[in-house]
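K.L.:
My questions all concern the structure below.
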């Protein structure tokens, strides 16, 4: 029967939920609020785009050729409410009839030729790695990118393809994080490739929804990045801009103070408790005061509603004593990204710019993750 397909409701519902991350919510083009369903046999592809990013998800199906462009919100809600099992889609003009459990629903759509089709560009460079490893690396870096759209280079994750691996770096000028990842590279070397923060967060969500830990392939052309993993393909437009050059030098500045905090999770917990009162004052950033002395780190913070004063073990190696204040959220973001049991905390004063803290993993779970955070200006 032409223009009819059968597909599992749960599979299609999950695919639509993933694809609709790319649906435009503000575009004047109504077709961009839709998803495209297209089948040529045993695979149904669900696609959405806002012209700056695309997400395609493939699910198994039965039937012949089928193509329909349907409103994403209504389709997703309908699929969520349908009973489990196989459902049938039949083409009906520009829309479709959905049959389920002896009943049916009709959903209006748009002509298929109105759905944007992006031309394929030559793949210039790329790499492959485990999908879980890629998700993990991006998640540990993306939080440091700015949310300010007027500063495009800072609202992106910078990718450098060089040597045998790839390096991810992000900064909002208050903090700077970097993480190298061993991958299988192909194509030319490329530096300063800027992935938009919003698209990276969407990609993290898509990769997290995949079953198992298969391979992820990442390709770069002149203007975009494409990621293929399992049944999913994601494309997004690169940020046009220049990332701050030679950020690696900040991690090699001589430090004036160094200490190790053996219990990273205990440090995190103390910061969270300090934040209970520090966050009461909405006119200021939630601030915590750190005092390293001897074998103790004192964590304190509060407001006119109360405060917290805690002492946790620390081993001061150089510099004797340090007092300074930091944004609690900035410290927590970094500590949560670490995988080690212990934390190295260094302070660099003779930087040529502003002094800053350098945070790195230590002990079991240590890797090459590095982070910098500026103290709160007094």
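Residue numbers (UniProt numbering): 1 to 378.
Glycine residues also receive a C-beta, built at the ideal position from the N, C-alpha and C atoms.
Rounded to whole angstroms, what is the Cα-Cα separation between residue 332 and residue 176?
P.N.:
Whole-angstrom Cα-Cα distance: 14 Å.
K.L.:
Taking the alpha helix (DSSP H) that residue 140 belongs to, which residues open and close that run?
P.N.:
Where residue 140 is concerned, the enclosing alpha helix (DSSP H) stretches over 131-142.
K.L.:
Use the C-beta contact count for residue 186: other C-beta atoms within 10 angstroms, 16 or more gives buried, fewer gives exposed.
P.N.:
With fewer than 16 other Cβ atoms within 10 Å, it is exposed.
K.L.:
Leaving out the 5 sequence neighbours to the left and right, which residues in its chain are closer than 6 Å to residue 251 when beta-carbon positions are compared?
P.N.:
If we look at residue 251 and ignore the five residues flanking it on each side, its Cβ neighbours are 370.
K.L.:
Can you give me the start and stop residues for the beta strand (DSSP E) that residue 160 sits inside?
P.N.:
Element bounds for residue 160: 156-162.
K.L.:
Can you tell me whether residue 305 is buried or exposed? The criterion is at least 16 other CB atoms within 10 Å of its CB, across all chains shown.
P.N.:
Result: exposed.
K.L.:
Where residue 134 and residue 216 are concerned, what is the direct C-alpha to C-alpha distance, given to the nearest angstrom?
P.N.:
Computed Cα separation, rounded: 8 Å.
K.L.:
Distance, Cα to Cα, residue 44 vs residue 58?
P.N.:
So the two alpha carbons sit approximately 6 Å from each other.
K.L.:
Got a sec? Which residues, its chain only, sit under 6 Å from residue 1 by beta carbon, not counting five neighbours each side?
P.N.:
The predicted position of residue 1 is uncertain, since its pLDDT is 47 and thus under 50; a value taken from the coordinates is nonetheless stated next. Around residue 1: no qualifying Cβ.
K.L.:
Less than 9 Å between the beta carbons of residue 334 and residue 312, yes or no?
P.N.:
No, they are not a contact pair.
K.L.:
Please list the terminal residues of the continuous alpha helix (DSSP H) segment that includes residue 17.
P.N.:
Segment 9-19, the alpha helix (DSSP H) holding residue 17.
K.L.:
Give the range of the alpha helix (DSSP H) segment to which residue 197 is assigned.
P.N.:
197-209 is the span of the alpha helix (DSSP H), which, as asked, contains residue 197.
K.L.:
Three or more C-beta pairs closer than 8 Å, one from the stretch 112-131 and one from the stretch 140-149: is that the case here?
P.N.:
As far as the Cβ criterion goes, the stretch 112-131 does not touch the stretch 140-149, which means the pair count is below three.
K.L.:
Count the C-beta pairs between the stretch 215-230 and the stretch 270-280 that are closer than 8 Å, then say yes if the count reaches three, no if not.
P.N.:
No, the stretch 215-230 does not touch the stretch 270-280.
K.L.:
Bridge partners for residue 229 per DSSP, in chain order?
P.N.:
The partner list for residue 229 (beta bridge, DSSP) reads 216 and 232.
K.L.:
Do the CB positions of residue 74 and residue 91 come within less than 9 Å of each other?
P.N.:
It is not a contact, given that the beta carbons lie outside the stated cut-off.
K.L.:
How long is the line joining the alpha carbons of residue 343 and residue 362, rounded to whole angstroms?
P.N.:
Taking the straight line joining both Cα atoms gives about 5 Å.
K.L.:
Rounded to the nearest angstrom, what separates residue 288 and residue 326 at their Cα positions?
P.N.:
Spanning the two alpha carbons is a distance of roughly 6 Å.
K.L.:
Which residues in the same chain have their Cβ closer than 6 Å to the Cβ of residue 56, if we skip the five residues on either side of it in sequence?
P.N.:
Only 45, 47 and 233 meet the Cβ criterion.
K.L.:
What does DSSP give as the partner residue(s) for residue 34 in the beta ladder?
P.N.:
In DSSP, residue 34 forms a bridge with 71.
K.L.:
Going by alpha carbons, who is nearest to residue 136 out of 207, 9, 42 and 238?
P.N.:
When only C-alpha atoms are compared, the closest one is 207.
K.L.:
Where do the N-terminal and C-terminal ends of the beta strand (DSSP E) with residue 176 fall, by residue?
P.N.:
Note, residue 176: beta strand (DSSP E), 175-182.
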